[in-house]
Every structure is written in C-alpha cells, then in structure tokens.
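The structure appears right after this line, and notes come after that.
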Amino acid sequence: MSKMDEKIAEFARDIMAEVQEKKAKILSEFEKENALVYEKKEEEYLAQAYEIIQEGMRKVEREINELQSKKKMENRGKLLHKRTEIIDSVFRGAEKELAAFAASDAYKEYLMGMLDRNLAATGKEQVTVYLSAQDAVLAEEIKDKYKVLVTVEDRNANMIGGCKIYDAARNIFIDDSFAKRLESQRDEFMKNCDLSIE
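Going left to right, the sequence shown walks through residues 4 to 201 as the working numbering numbers them.
Here you go:
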C-alpha cells in the first residue's frame, strides 16, 4: 500500500471516528431531549389523571350529599307526618273527653261557675251568652239567672261545650268554649314541647 493510500485510509478513519463521535453526541442529546419530553408528557398525563380523579371524587361527594339531603328531607317529612298524627290523636282523644264531660251531670255546675267568672268581667247590659247546640236545654235557666240574652250556636259551630260572651256596650268578646281552649292548648303544646325537626 502506498503512502498516499495509507494517508487516505488514516484520513478516512479520522473522519469516521469524528462521524461516530458526532453521531454518539447527537444520539445522546436526542435521548436526553426525548427523556425530557417523555418526563414532561408523563407529568401532564399524571396531572390530567389527578384532575380526573379529583373531579370524580367531587362528583361522588356531591351525589352522596344530594342523597343524604334527599333522605334527610324524606325523614323530616315522615317525622313531621308522624308527629302530626300523634298530636292529632292526642287532641282528638281530649276532644272526646271534653264532649263526654259536657254531656255529664257535673257539667251544668261547671258551666254556671264559668259564667259567673266570665260575666264578672263584663257589664250587665247588652251582654249576649252563646251556648253550644247541646246546651240549648240550659238557655232559659241561664237567661233567667243572669238576665242576659242567650243565643244557641248552630250545630255546625263545634264549641264542644263552655260558652262565648259578647258585651256590646264595652266591645268585649270572651271565647271560653272548650273548642277554643283545646285549640289554645294545642298551640301552646306545639310551642312548649320543642318538637323541632332539624
């Protein structure tokens, strides 16, 4: 081999070595860039996955809260309905007992005592006593004893018993009927028994 061929071969080896070195350098840089791009994409995908998971968790939490609220409202409604049933039952029983008392022998004396107390709070002129339909048999006796007008309420006006008094001269109205007392007791019961539904 000639000297020239040797120089060309050596020159070719140097060029090939330099090409291999540049190739290795380019390949190394490409791998580094590729690793950075991969890492960046991986972080993006992880962030997206995290956000999807978080949104899913928020959605599940909202659904759970909605279900709990709905169930709570249903239970409140049931409790309110049951409470109303119980109170209605208690007061229906009380109404029956008052009606039974109004039909008893002791009632007449009680009614006269009630009239004594209530008429003491009114004047004696222009006074009207209102009685329940079942107390119509006492109307004449009350009219004679107290010297007042007596009106018997229609059978549809459910007084149960007791009386109402109107003093036209002083514009005083006293509703001391059993129905009114029962209604007042029910209102007071609702206030005092603290049956709040939360």
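Glycine is no exception: its CB is placed at the ideal position from the N, C-alpha and C atoms.
All figures in this text were calculated on a predicted structure; none of them were measured in a lab.
message: Could you give the first and the last residue of the continuous beta strand (DSSP E) run that contains Ser180?
response: Per DSSP, the unbroken beta strand (DSSP E) holding Ser180 starts and ends at Ile175 to Ser180.
- prompt: Quick one: what's Tyr133 bridged to in DSSP?
  reply: Partner(s): Thr154 and Lys167.
message: If you follow the alpha helix (DSSP H) that Thr87 is in, where does it begin and where does it stop?
response: Taken as a continuous stretch (DSSP letters only), the alpha helix (DSSP H) holding Thr87 covers Lys6 to Ala105.
- request: State the DSSP-derived secondary structure class of Asn121, mapped to helix, strand or coil.
  value: In this structure, DSSP gives Asn121 a helical state, which the three-state scheme calls helix.
- prompt: Helix, strand or coil: how does DSSP classify Asn159 here?
  reply: Reduced to three states, the DSSP call for Asn159 is coil.
message: Looking at Ile89: is its Cβ nearer than 8 Å to the Cβ of Ser135?
response: No, Cβ-Cβ distance for Ile89 and Ser135 is not below 8 Å.
field: Separation of Asp179 from Gln188, as counted between CA atoms
entry: Each residue's alpha carbon lies about 12 Å from the other.
task: Excluding the 5 residues preceding and the 5 following Ala102 in the sequence, name in chain order all residues of the same chain whose CB lies nearer than 6 Å to its CB.
output: Once the five neighbours on either side are set aside, the close Cβ partners of Ala102 are Ile163.
- prompt: Just the Cα atoms here: how many angstroms apart are Lys62 and Gln51?
  reply: The alpha-carbon of Lys62 is positioned some 16 Å away from that of Gln51.
- request: Please check the pair Leu152 and Thr125, which I expect to be a contact at CB under 8 Å, by giving their CB distance rounded to whole angstroms.
  value: Beta-carbon to beta-carbon, Leu152 and Thr125 are separated by about 12 Å, too far to satisfy the 8 Å threshold.
message: Tell me which residues share the same chain as Val93 and place their Cβ nearer than 6 Å to its Cβ, disregarding the 5 neighbours each side in the sequence.
response: The answer is none, since no qualifying residue turns up.
message: Going by C-alpha to C-alpha distance, which of Arg86, Asp147, Lys99 and Phe33 sits closest to Met115?
response: Checking every option, the nearest Cα to that of Met115 belongs to Asp147.
query: Counting along the chain, where does the alpha helix (DSSP H) carrying Glu144 start and finish?
result: Counted as a single uninterrupted DSSP element, the alpha helix (DSSP H) harbouring Glu144 occupies residues Ala142 to Tyr149.
- request: Would you please state the rounded distance, in angstroms, between the beta carbons of Glu167 and Ile177? I believe it to be under 8 Å.
  value: For the sequence presented, residue 167 should be read as Lys rather than Glu. Between Ile177 and Lys167 the Cβ distance is about 7 Å, and since that is below 8 Å, they are a contact.
Three-way DSSP call (helix, strand, coil) for Asp108 in this model: In the structure shown, Asp108 falls within a coil segment according to DSSP collapsed to helix, strand and coil.
- prompt: Taking the C-alpha atoms as reference points, what is the distance between Ala123 and Lys150?
  reply: Distance between the alpha carbons of Ala123 and Lys150 is about 13 Å.
- prompt: If you draw a straight line from the alpha carbon of Asp190 to that of Ala171, how long is it in whole angstroms?
  reply: Distance between the alpha carbons of Asp190 and Ala171: 28 Å.
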